Every structure is written in C-alpha cells, then in structure tokens.
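If you're matching positions, the sequence shown starts at 1 in full-length UniProt numbering and goes up one per residue.
C-beta atoms are modelled at their ideal positions from N, C-alpha and C, and glycine is treated no differently.
Computed from a prediction, not measured in an experiment: that's the story for all the values here.
As structure tokens, the structure follows; a few thoughts come after it.
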Amino acid sequence: MTNPDFLRGPWLAVLADQYGYVFSSFDVAREETDDAEEFRVSIVRGTAAPSEDDDTLRLPGTFQSGDQIFELDGLYLDGDGDTSTSAEARFAQAQAMATGLNAAGAA
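What follows is the structure, encoded as structure tokens:
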C-alpha cells in the first residue's frame, strides 16, 4: 500500500525564469522575454509552490525536499534548435505529469 502522503497534492507544473519568477502561461513567457533567456520547469507542491511577491508569483528559495519532484533548468523557449527539448515541450510534459500525480493522489 502506498503512503498517501507521498502523493498528497495538489501538484503544480510551473514555468519560471532563471530567477524563479513564474509565468502564467507559455504565451506570456514568449511575450515578456527574449530567445536568449533561460527557463526552468518544475513540478511542486506545498512549501515549494509559488507565492506572491509584489504582485508576481515567484518560486521560494527554500522548501521541504519532498515538495519538489521534478526540475529542469537551462531550457530555452525554442529548445536551442531542438523543439523536443524546448521549454514549451518540457512544460507540457510537466503539466501531464502533475495531472497524473493529482489523479493518483485522489484515488
């Protein structure tokens, strides 16, 4: 039997810049940044979830280790020429993983 706390959510897929500022969508990230900026994609919950900082969402600097289960950093919007590794593709994958975790936690 799985410990329900392992799956406790809600889990969130997050797209942020290298400083932890969170974008509400991939389209917003594309509008507000340039192609040279690096991004990170994370799956988080609880203490690792973004919080409001001067009317913007930002990832915390510290959190409980069990509250972040996935992170890729150094991503570019266009994948640096490889669309399979673009921030857009990785964010879509993280959203699917978070949905699966939330479904498993609700079961």
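- Across the structure, E52 and R58 are spaced so that their CA atoms are roughly 6 Å apart.
- Under the 10 Å beta carbon count, F6 is surrounded by fewer than 16 other beta carbons and is classified as exposed.
- Taking every protein chain shown into account, the CB of A106 has fewer than 16 other CB atoms within 10 angstroms, so this residue is exposed.
- By the neighbour-count criterion, in which 16 or more other beta carbons inside 10 Å mark a residue as buried, A49 falls on the buried side.
- A94 is a Cβ neighbour of I43, given a cutoff of 8 Å.
- Around the CB of A36, fewer than 16 other CB atoms lie within 10 Å, so the residue is classed as exposed.
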